[in-house]
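Participant:
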Amino acid sequence: MKANQLNLKQLYIHIKGMLLYHDHGYGMLSLLGTALLLAFFIGIPHNDSPVLFVAGEIADETVVAKRDFLVEDEEGTKNRRDKIRAIQPLVFDYNREVATHVREAILNLLHAINTFSIHNDINGLEKIQKQFNSTYDTNVSLEEFKSLAAAKPQDFAFDTLLPWIDSRLSDGILADSRILYNTPNSILIRDTQTLAERLRSTSTGLIDLSSLTVAMGNQIRANLEISENSKQAFLKIFPHFLAPTLSLNQKETNDKTQAVLDSIKPIYFQIHKGEVIVRKGDIVTREAQLKMQAIFNNTSTNFNFYKTAGTFLLSLILMLGLFMTPSGQKGRILHSKDQLFIAVILILVGMGAGSLVLFGQSFSSELSLSLLAYFFPISGIAGLAVLIFAARRYCVIGFLVSFYTCLLFQGDISLFLFYFVSSMINTWLILRSQSRQDVVWSVIPLFTALLITGFSSALIMGLSPTKYLTLIYLLAANAILSIVILFALSPILEMMFGYTTRFRLMELMNLDHPLLQKLMMETPGTYHHCLVVSNLVEAGAKAIGANSLLAKVGALYHDIGKLGHPHYFSENQFDGVNPHDKLSPRMSCLIIFSHVKFGIELAELHKLGKEITDMICQHHGTRMPMYFYHKAVKAGENPKEADFRYSGPRPQTKEAAILMMADTLEAAIRSMPDPSSARISSSVETLVKNIYAEGQLDEADLTFKDLTKLIDGFTRTLIALNHQRISYPTIKINDPNTKEEQKNSENKSETKTESKPENREEKQKIQ
C-alpha cells in the first residue's frame, strides 16, 4: 500500500513539474476553458422532437434514425410467449400411497367378510353390509356380500382383480380426463416421494377414474366362473375404493411455465443509424410505427451531465500528452501562444462539427449524420498542427480533434479511427511536401486513403450498400476541403500568432528570396558558406529526428548580418587585404559581434519569423572568437573574457544547436590545408566535443546518442563536400583558332624554357 502511495506521489510530482516547466498562464487557461466548453456542448441534447406516425396513415415527411436502436416488438414477443405457454406440459403429482390405501381397503373388507362367513356370524356380516351402504350410499344386498366369501370370487379377487387394479393405479389415474382438454400432447409426472420427473404422452392409455371403473367392470363381467351375485357385489363394492393417483399441481405448472417464459428473449427490430424508417408519401407499417415509438421514447431532452463530466476529464488526460514526453525529458517549451493556437484549433473543430450536426438535423433528411460525419474535413484541421509542432504534439492534437468530433457526431470507435488515421495520413503527406504545389497534388493520395479508411469504417458501422456512392462523393469533398482549409487558414494563423509555418519555410528556402540574392551578390563567400552549412544541418537534423526544414532554412539565413560589414569576414576577403590588421582586437570583436545584431534586425525587417530570428541570435551562443582573444593577450592588453564573448543566448533548440556545430565545422574544415578523410573525421569529433565541453549545448535537449549521430552525419557530409578530384590532361582540339592559341602558348613556353632547360626536357617527354 505504501509503495502504491509513493508511486502516485511521484507521478503527481512529475506531472506538476512538467506542467510548471511550460508556460502556465492565459494559454493553459484557454485550453482548459475550451475543453470545458466542448464538453458542455457535447452534453447538450441536439436531437429534434422525433416525428410519430400511426400505422396505416400516410407519412408527410421522411423519418431517419439518428442513432442505433434495438426496438422490442411487444406484440410479437407476446405471441411467441403465448405459443410457448400453450405447449408447456401440465405438472401432475404421482402419489404412490393411493394404490397402497386402495389395496389395503379392499383386503380389509374381504378379510372381514371371510371372518364373519367362517364363523357364520350373520349379524356381523349384516353390520358390515349396512355400514358400507351407509358410507358409500349404495344398496349392496346381504346375499351379494355373502357371495364374496365363496372360493372362486376370492380367487378372482386376489389373483386377478387386485393385481389388475394395482397395475392401473401404478400407471397413473386421473380424477377427470377433461382436465387435459386444450393441453399439449404430453404431461409431466412428478413423483412426490422421489421428486423424479418424466414426460408421458397423453395418447399412451392415460385414463381417468370413470374410465378405470368401466374397464374394471368389463374385467369382472368377462369372468365366467363366478356367480352373478358375486359379479354384482364386485361391481357395486370395488369402484368405491378406487382413487386417482395423479393430481394436477397448478403451482408447479405455473412456476415451470414462468421459468421457460423468462428464458425467452424478446423479439427486437434493429434500427441502424441513418436508416430511413419511412419515406414521405409512404403508408406507415406497424413495424415502422414501432420503430418511431422507440425513437420517441429514447429521445432525451435533458442535459447529460455525466457525458459532459466524462468528456472533460478524459480530454484533460489526453491534453497531458502536449506537456509530457515518454522519455521523461522536458522537451521544447509549450508557450502560451502555442496553447492558445491549440485551443483555436479545437474551437474550430467544435464550431465546424456542431454546425454540420445542426445542418444534418434541421435541413437534411436523406443525408443522415452517419454520412455527414465522413464529409467533415478533420484531416485538414489537424494538418494545421503539423505546420507548427513536432511529431509528438501534432499526434496528440490529431487524437484530440478526432475524439471531440466523434462525440459530436455521436459516432463509434470506427468513426474515431477514420478521423485519427486520416489525420495522421494527411500530416505525413504535408511533411513530405517540399512546396505548395506538392501539397495540392497530395489531394490524390489523401482521397485514396480516405476511401480505404472510410469504406472500412462504413463496413464496421453497417452502412447500407445503397449509400456507398454518396459516401464516395462525400469523401472526395472531404479531401478537397481539407486542402482548401490548409491553404486558407495557414496564412491567417501565421499573422495571428507570428508562426513561421512549414509553407513559409518552403517560401524562404527559395534561393530567389531578396535577402539570399543580396547575400549572393554582395557577400558571395558568406553565401557559399551558408549553402554548405544548410546541407550540413539538414543531414544532422534528419539523423536525430529534428525539424530538418527549419534547420536548413535557418542555416541559409544565419549569417545575413554579415551584409553590414562583408569585408571584415575572411570568406569575403578575395583581394587578400584583411582590415582587422589595422584594428585593435576589441574593435574587431565588436564588428564581428555586430553581424548577429544586424542579422536579427534584417530578419525582423523581412519577417522571417521568430524561429529563424532565434536561430540567428543563438547560432554563436556565448562562444569566444579565440583568434582575437589570443591576439589581445599577445598584445599585452590583459583582456576580459566577457568582452570577447557573444552575448548569446546559448542554443535553446536542437535546430539551433545543430546550426552552431555545423557553422563551426564548415569554417574549420574550409581553412584546413589538407582536408583528408582522417583529418576531417578527427576534427569534427574534436570540435563537437569542445562545443559540448563549453556548455553551449546544455539548453538544447540533446543526448549523447544524438551527438554521436551528429558527428557521424557531419563527417560523411564534409568528406563528400571536400573529396579530392583527379587532374585531367589537356585535350587538343583540331580547330584553327585553337591551333593558333596553341602556337602562341608554345612560343611563350619556349621563351620561358630558355632560362629553364629542365622544363624543355620535361615538355619533350610529355609530347
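Numbers 269 to 1035, taken from my numbering, label the letters of the sequence shown in order.
For every residue, glycine included, the Cβ atom is placed at its ideal position computed from N, Cα and C.
What does the Cβ neighbour count give for E1018, buried or exposed, with the cut at 16 atoms within 10 Å?
Facilitator: For the purposes of this step, residue 1018 is taken as residue 750 along the sequence shown, with counting starting at 1. Any reading at E1018 needs caution, since the residue's pLDDT is 40, under 50, leaving its predicted position unreliable; the model's value is listed next. Exposed, by the Cβ-count rule.
Participant: I need the straight-line Cα distance from I646 to E342, nearest angstrom please.
Facilitator: In the sequence shown, residue 646 corresponds to position 378, counting from 1. In the sequence shown, residue 342 corresponds to position 74, counting from 1. Approximately 42 Å, taken between the alpha carbons.
Participant: Which residue from S710, A961, D849 and K922 puts its Cα closest to that of G648?
Facilitator: Here residue 648 refers to the residue found at position 380 of the sequence shown. Nearest option by C-alpha distance: S710.
Participant: I'd like to know whether the C-beta atoms of V359 and L480 end up nearer to each other than 7 Å.
Facilitator: Here residue 359 refers to the residue found at position 91 when the sequence shown is read from its first residue. Here residue 480 refers to the residue found at position 212 when the sequence shown is read from its first residue. Against a cut-off of 7 Å, the Cβ pair of L480 and V359 comes out as no contact.
Participant: Can you find the residues in the same chain that come closer than 6 Å, C-beta to C-beta, to S1013, ignoring five residues on each side of it along the sequence?
Facilitator: Your numbering for residue 1013 matches position 745 in the sequence shown. With a pLDDT of 45 at S1013, under the threshold of 50, the predicted position of this residue should be treated as unreliable, though the coordinate-derived value follows. Answer for S1013: no residue qualifies.
Participant: Report buried or exposed for Q1069, applying the criterion of at least 16 other Cβ atoms within 10 angstroms of its Cβ.
Facilitator: Absent from the structure is residue 1069, since the part of the chain shown begins at 269 and ends at 1035.
Participant: Identify, in the order they occur along the chain, each residue of the same chain with its Cβ nearer than 8 Å to the Cβ of L586, setting aside the five sequence neighbours on each side.
Facilitator: Counted from its first residue, the sequence shown places residue 586 at position 318. If we look at L586 and ignore the five residues flanking it on each side, its Cβ neighbours are V664, F667, L668 and F671.
Participant: Can you find the residues in the same chain that come closer than 8 Å, C-beta to C-beta, to E411, ignoring five residues on each side of it along the sequence?
Facilitator: Counting from 1 along the sequence shown, the entry for residue 411 is found at position 143. Only N497 meet the Cβ criterion.
Participant: I'd like the span of the beta strand (DSSP E) that includes E340, first residue to last.
Facilitator: Residue 340 sits at position 72 when you count from the first residue of the sequence shown. Where E340 is concerned, the enclosing beta strand (DSSP E) stretches over F337 to E340.
Participant: Give the secondary structure of T406 by DSSP, where H, G and I count as helix, E and B as strand, and everything else as coil.
Facilitator: The residue labelled residue 406 in the question sits at position 138 within the sequence shown. Coil.
Participant: Note down, in chain order, each residue of its chain lying with its Cβ closer than 7 Å to the Cβ of R489, except the 5 sequence neighbours on either side.
Facilitator: Position 221 of the sequence shown, counting from 1, holds the residue named residue 489. Counting only Cβ-Cβ distances below 7 Å, and skipping sequence neighbours, we find K499.
Participant: According to DSSP, L456 sits in a beta bridge with which residue or residues?
Facilitator: The residue you call residue 456 lines up with position 188 of the sequence shown. L456 is bridged to V359 and L467.
Participant: In terms of alpha-carbon separation, which member of Q702, D969 and A744 lies closest to A717?
Facilitator: Position 449 of the sequence shown, counted from the start, is the residue given in the question as residue 717. Nearest of Q702, D969 and A744 to A717, Cα basis: A744.
Participant: Leaving out the 5 sequence neighbours to the left and right, which residues in its chain are closer than 8 Å to Y960 when beta-carbon positions are compared?
Facilitator: Looking up residue 960 in the sequence shown gives position 692. Cβ within range, chain order: L975.
Participant: Count the other CB atoms within 10 Å of the CB of M764; is the residue buried (16 or more) or exposed (fewer)?
Facilitator: Taking the first residue of the sequence shown as 1, we reach residue 764 at position 496. Exposed: under 16 other Cβ atoms inside 10 Å.
Participant: Give me the Cα-Cα distance between D523 and A373, rounded to the nearest whole angstrom.
Facilitator: Translated into the one-based positions of the sequence shown, residue 523 becomes position 255. Translated into the one-based positions of the sequence shown, residue 373 becomes position 105. Cα-Cα distance, rounded: 36 Å.
Participant: Going by Cα to Cα distance, which pick from S604, S495 and T345 is closest to P534?
Facilitator: Residue 534 sits at position 266 when you count from the first residue of the sequence shown. When each option's Cα is compared against that of P534, the closest is T345.
Participant: If you count every other CB in all the chains shown that lies within 10 Å of the CB of E879, and 16 or more means buried, which is it?
Facilitator: Here residue 879 corresponds to residue number 611 of the sequence shown, with the count starting at 1. With 16 or more other Cβ atoms within 10 Å, it is buried.
Participant: Counting Cβ pairs closer than 8 Å, one from the stretch 822-829 and one from the stretch 868-875, do we hit at least three?
Facilitator: Because the criterion of three Cβ pairs below 8 Å is met, the stretch 822-829 and the stretch 868-875 touch.
Participant: Does the Cβ of R770 have 16 or more other Cβ atoms within 10 Å, making it buried, or fewer, making it exposed?
Facilitator: In the sequence shown, counting from the first residue as 1, residue 770 sits at position 502. R770 should be labelled buried.
Participant: Is D966 helix, strand or coil when you go by DSSP?
Facilitator: One-based indexing of the sequence shown puts residue 966 at position 698. The answer is coil: DSSP assigns D966 none of H, G, I, E or B.
Participant: Taking the beta carbon of K922 as the centre, do at least 16 other beta carbons fall within 10 Å, making it buried, or is it exposed?
Facilitator: Along the sequence shown, read from residue 1 onward, the residue named residue 922 stands at position 654. Classification for K922: buried.
Participant: Identify the continuous alpha helix (DSSP H) that holds L378 and give its terminal residues.
Facilitator: Position 110 of the sequence shown holds residue 378. Looking at the DSSP string, the run of the alpha helix (DSSP H) that includes L378 is R364 to I386.
Participant: Taking contact to mean at least 3 C-beta pairs separated by less than 8 Å, is the stretch 391-409 in contact with the stretch 500-517?
Facilitator: At 8 Å Cβ cutoff, the stretches touch.
Participant: With C-beta atoms as the reference, is L675 less than 7 Å away from I310?
Facilitator: Start at 1 with the first residue of the sequence shown, and residue 675 comes out as number 407. Start at 1 with the first residue of the sequence shown, and residue 310 comes out as number 42. Yes, these two residues count as a Cβ contact at 7 Å.
Participant: Say whether the stretch 651-661 touches the stretch 718-732, bearing in mind that this needs 3 or more beta-carbon pairs closer than 8 Å, one atom from each stretch.
Facilitator: The stretch 651-661, when compared against the stretch 718-732, does not touch it at the 8 Å Cβ threshold.
Participant: Throw me the rounded Cβ distance for the Q886 and P907 pair, which I believe falls under 8 Å.
Facilitator: The residue you call residue 886 lines up with position 618 of the sequence shown. The residue you call residue 907 lines up with position 639 of the sequence shown. That pair is no contact at about 24 Å.
Participant: Evaluate E806 with the Cβ neighbour count: other Cβ atoms within 10 Å of its Cβ, from every protein chain shown; 16 or more gives buried, anything less gives exposed.
Facilitator: Along the sequence shown, one-based indexing puts residue 806 at 538. When all chains shown are included, E806 counts as buried.
Participant: Can you give the Cα-Cα distance for M286 and T738, rounded to whole angstroms?
Facilitator: As a first step, residue 286 is located in the sequence shown; it is residue number 18 there, counting from the start. As a first step, residue 738 is located in the sequence shown; it is residue number 470 there, counting from the start. If I take the Cα positions, the gap works out to 47 Å.
Participant: Apart from the five residues on each side of it in sequence, which residues of its chain come closer than 6 Å, Cβ to Cβ, to F912?
Facilitator: Working through the sequence shown from its first residue, we reach residue 912 at position 644. Hits under 6 Å: C857, M892 and Y897.
Participant: Beta carbon of E762, beta carbon of G793: below 7 Å?
Facilitator: Residue numbering aside, residue 762 sits at position 494 when the sequence shown is read from its first letter. Residue numbering aside, residue 793 sits at position 525 when the sequence shown is read from its first letter. No. Outside cutoff.
Participant: Let me know the secondary structure DSSP gives S1013 once reduced to three states.
Facilitator: To locate residue 1013, count along the sequence shown from 1; it is residue 745. Caution applies to S1013, whose pLDDT of 45 falls short of 50 and renders its modelled position unreliable; the model cannot decide the point.
Participant: Got a sec? Which residues, its chain only, sit under 8 Å from F657 by beta carbon, not counting five neighbours each side?
Facilitator: Locating residue 657 in the sequence shown gives position 389, counting from the first residue. Hits under 8 Å: D606 and I665.
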